[in-house]
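Residue numbers (the working numbering): 2 to 475. Below: the structure, in structure tokens.
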Ligand code: GLU
């Protein structure tokens, strides 16, 4: 089978990071089979359209490296790739249905439909449009909705994720194909487009699952063979009690990229929302995903969006980078205090914080003290678990001894390490006490890279000056 998958978003808002998952999975299925991945914009709900959302979608896919082979901005043999530009197609297919007696103009006003609904409710029966088919429908002139005339029956079908499914005839109903504004509904348009675009696999969210029997009914009426279907479970918030939304902190892809999350991170993380390869492996490169991904390993229950895991994954990919490559990537993220520092010094600093950096935007916070003398913060000592137990005299004594010993050092890493260890012996202190104290004195920050490394990069002059400043403040 020629594999052709598509991502078919509606430009009704910015997609959050979880929303791109269906795009990633569709892309993986296509790339794995050396098939094509298509972007189609489903812009038929003009009321809900958000300006700029289409560009944002395309930029997001590109930022993640999810390149598409056909799409609105690049064209392709099955274009146009915006539904609003395909209205003629829908009309032609609609005409076929009308000619076959399988579609009718819906003559009812919203008030009349409401009355039908209420009557059904009173009778404790499900409301079905097909119970109200007009006996002599007017000829469809485009001013009324065009409704599909269904043929209720039971269905059994296979979903690559949800497995074997079946429904009874009761769930089948007449639904709108073309609205009175001339635009098709999703229910109709996607079936026409998927057929015309020769889509082999529909990979989409769970919200469409309940409508599949109706779609199957329409496929039959149109004489179209349904593509393979794969339904993605919802992505749940961290607590797992409701569907993920922006309110749960899920940002859009471009926001994450701006904050210094790597595209590799996002791809690996998004893939893990509902999929794993059955081993303990937690991060995957795009290439590994192309090799290992399979729809039958997508879980059937909701996936959890865990922002801490996203952070952890980004840290993983940052640590794996070569220093020079990382240096280039973080160029725009240094704080203003680093403005005049030279490349060599900045690279050393970056080399030290690489281990702990979780996303680029936190670079200024992690590195500030390498560039400027921060004011003494008494709380760093007074609220420190170990240090708060020592008297001022004891603290002063430890700092003096440290300063004296460091005064003799050449500030190479080896010498510093040796001296610091000797200081531990001489003072009889634990590293958690002595090293914390020196660290606070030279950084005035709640955390920093290893002490000897930090001292070596700061250099003798700055280190001694800062210890003296701390001493004076005690
Ligand atoms: N336009 C639909 C949406 O954005 C697409 C669903 C599908 O992939 O078929 O939810």
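Don't be surprised by glycine CBs; every beta carbon is placed ideally from N, CA and C. Treat the numbers as computed from the prediction; the structure is a model and nothing was measured.
For residue 421, count neighbouring Cβ atoms within 10 angstroms of its own Cβ and tell me buried if that reaches 16, exposed if not.
Taking the first residue of the chain shown as 1, we reach residue 421 at position 420. Looking at its Cβ environment, which holds 16 or more other Cβ atoms inside 10 Å, residue 421 is buried.
My understanding is that residue 222 touches residue 98, with C-beta atoms under 8 Å, so please give their C-beta distance in whole angstroms.
Taking the chain shown and counting its residues from 1, the one referred to as residue 222 is at position 221. Taking the chain shown and counting its residues from 1, the one referred to as residue 98 is at position 97. Indeed, because the Cβ distance is near 6 Å, the residues count as touching under 8 Å.
Report the option in 161, 80, 366, 254 whose CA atom is closest to the CA atom of residue 210.
Stepping through the chain shown from its first residue, residue 210 is reached at position 209. Among 161, 80, 366, 254, the Cα nearest to that of residue 210 belongs to 161.
Which value, in whole angstroms, describes the spacing of the CA atoms of residue 29 and residue 286?
Walking along the chain shown from the start, residue 29 turns up at place 28. Walking along the chain shown from the start, residue 286 turns up at place 285. The alpha-carbon atoms of residue 29 and residue 286 are separated by roughly 12 Å.
DSSP-derived helix/strand/coil call for residue 225:
As a first step, residue 225 is located in the chain shown; it is residue number 224 there, counting from the start. Residue state, collapsed to three classes: coil.
Could you tell me the alpha carbon to alpha carbon distance between residue 69 and residue 190, rounded to whole angstroms?
Position 68 of the chain shown, counting from 1, holds the residue named residue 69. Position 189 of the chain shown, counting from 1, holds the residue named residue 190. About 21 Å.
For residue 95, which residues from the same chain have a beta carbon less than 7 Å from its beta carbon, with the 5 sequence-adjacent residues on both sides left out?
As a first step, residue 95 must be located in the chain shown, where it is residue number 94. Excluding residues within five positions, the ones whose Cβ falls inside 7 Å are 104, 147, 178, 179.
List the whole-angstrom C-beta distance separating residue 266 from residue 232, where the pair is believed to meet the contact cut-off of C-beta under 8 Å.
Along the chain shown, one-based indexing puts residue 266 at 265. Along the chain shown, one-based indexing puts residue 232 at 231. Here residue 266 is actually not in contact with residue 232; their C-beta atoms are around 26 Å apart, not less than 8 Å.
Nearest to residue 271 by CA position, among 280, 2, 67, is which residue?
The residue labelled residue 271 in the question sits at position 270 within the chain shown. Out of 280, 2, 67, the CA that lies nearest to the CA of residue 271 is found in 67.
Beta-carbon spacing of residue 5, residue 201 below 8 Å
The residue labelled residue 5 in the question sits at position 4 within the chain shown. The residue labelled residue 201 in the question sits at position 200 within the chain shown. Yes; because the gap between Cβ atoms is below 8 Å, this pair is in contact.
So, with DSSP's three-state summary, where would you put residue 301?
The residue you call residue 301 lines up with position 300 of the chain shown. In this structure, residue 301 counts as coil in the three-state DSSP scheme.
In the segment 375-445, which residue ranges form an unbroken alpha helix (DSSP H) of at least 4 residues, counting only runs that do not cross its ends?
380-383, 393-408, 414-428, 432-444
Residues in the same chain with beta-carbon distance under 6 Å from residue 73, minus the five sequence neighbours each way, listed in chain order, please.
For the purposes of this step, residue 73 is taken as residue 72 along the chain shown, with counting starting at 1. Hits under 6 Å: 42, 82, 83.
Pull up the distance between the alpha-carbon of residue 451 and that of residue 435, whole angstroms please.
Indexing the chain shown from 1 puts residue 451 at position 450. Indexing the chain shown from 1 puts residue 435 at position 434. Computed Cα separation, rounded: 13 Å.
Residue 297: which of 165, 368, 367 sits nearest, CA to CA?
Within the chain shown, the letter at position 296 stands for residue 297. Residue 165 is the option with its Cα nearest to residue 297.
Secondary structure at residue 42, three-state DSSP: helix, strand or coil?
Against the chain shown, residue 42 aligns to sequence position 41. Residue 42 falls in the strand class under three-state DSSP.
Residue 456: which of 376, 174, 416 sits nearest, CA to CA?
Residue numbering aside, residue 456 sits at position 455 when the chain shown is read from its first letter. The candidate whose alpha carbon is nearest that of residue 456 is 416.
Buried or exposed (CB count within 10 angstroms, at least 16 for buried), residue 445:
By one-based count along the chain shown, residue 445 stands at place 444. It counts as buried.
By alpha-carbon positions, which one of 288, 398, 428, 237 ends up nearest to residue 32?
Taking the first residue of the chain shown as position 1, residue 32 is located at position 31. Nearest option by C-alpha distance: 288.
Do you know offhand how far residue 134's Cα is from residue 213's?
Position 133 of the chain shown, counted from the start, is the residue given in the question as residue 134. Position 212 of the chain shown, counted from the start, is the residue given in the question as residue 213. Residue 134 and residue 213 have their C-alpha atoms spaced approximately 22 Å apart.
Contained beta strand (DSSP E) runs [length at least 3] in the segment 183-253, N- to C-terminal order:
202-206, 229-233
Indicate the three-state DSSP secondary structure (helix, strand or coil) for residue 152 in the structure shown.
Counted from its first residue, the chain shown places residue 152 at position 151. Residue 152 falls in the coil class under three-state DSSP.
Check whether the segment 364-372 touches the segment 317-337, taking contact to mean three or more Cβ pairs, one atom from each stretch, closer than 8 Å.
Short answer: they touch.
Just the C-alpha distance for residue 376 and residue 475, rounded to the nearest angstrom, thanks.
Position 375 of the chain shown, counted from the start, is the residue given in the question as residue 376. Position 474 of the chain shown, counted from the start, is the residue given in the question as residue 475. In a straight line, the C-alpha of residue 376 is about 13 Å away from that of residue 475.
Flag residue 436 as yes when its Cβ comes closer than 7 Å to any non-hydrogen atom of the ligand SAH, and as no otherwise.
In the structure shown, the ligand SAH is absent; the only ligands present are the ligand GLU.
Which term fits residue 2, buried or exposed, when burial requires 16 or more other beta carbons within 10 angstroms of its beta carbon?
The residue you call residue 2 lines up with position 1 of the chain shown. The residue in question, residue 2, is exposed, as its Cβ has fewer than 16 Cβ neighbours within 10 Å.
Can you find a heavy atom of the ligand GLU that lies under 7 Å from the Cβ of residue 191?
Numbered from 1 along the chain shown, position 190 holds the residue referred to as residue 191. Residue 191 Cβ: within cutoff of the ligand GLU.
For my contact list, residue 85 and residue 197 are in at a C-beta cut-off of 8 Å; report their separation, rounded to the angstrom.
Locating residue 85 in the chain shown gives position 84, where the first residue counts as 1. Locating residue 197 in the chain shown gives position 196, where the first residue counts as 1. About 15 Å separates the two Cβ atoms, so there is no contact after all.
Is the beta carbon of residue 1 sitting closer than 8 Å to the one on residue 418?
Shown here, the chain extends from 2 to 475; a query on residue 1 therefore has no answer.
With C-beta atoms as the reference, is residue 8 less than 8 Å away from residue 34?
Working through the chain shown from its first residue, we reach residue 8 at position 7. Working through the chain shown from its first residue, we reach residue 34 at position 33. Not in contact: residue 8 and residue 34 (Cβ atoms no closer than 8 Å).
Going by the DSSP bridge assignment, what does residue 72 pair with across the sheet?
Residue 72 sits at position 71 when you count from the first residue of the chain shown. 76, per the DSSP bridge assignment.
Please report how far the alpha carbon of residue 353 lies from the alpha carbon of residue 75, in whole angstroms.
Sequence index remark: in the chain shown, residue 353 carries index 352 (1-based). Sequence index remark: in the chain shown, residue 75 carries index 74 (1-based). When rounded, the separation of the alpha-carbon atoms in residue 353 and residue 75 is 43 Å.
Roughly how many angstroms lie between the CA atoms of residue 114 and residue 208, to the nearest whole one?
Residue 114 sits at position 113 when you count from the first residue of the chain shown. Residue 208 sits at position 207 when you count from the first residue of the chain shown. Cα-Cα distance, rounded: 24 Å.
If you check the beta carbons only, do residue 407 and residue 465 fall under 8 Å apart?
Residue 407 sits at position 406 when you count from the first residue of the chain shown. Residue 465 sits at position 464 when you count from the first residue of the chain shown. Yes, these two residues count as a Cβ contact at 8 Å.
How many angstroms separate the CA atom of residue 168 from the CA atom of residue 361?
Numbered from its first residue, the chain shown carries residue 168 at position 167. Numbered from its first residue, the chain shown carries residue 361 at position 360. Going by the C-alpha atoms only, they are around 50 Å apart.
Straight-line CA distance for residue 93 to residue 100?
Working through the chain shown from its first residue, we reach residue 93 at position 92. Working through the chain shown from its first residue, we reach residue 100 at position 99. Cα to Cα, the separation comes out at about 11 Å.
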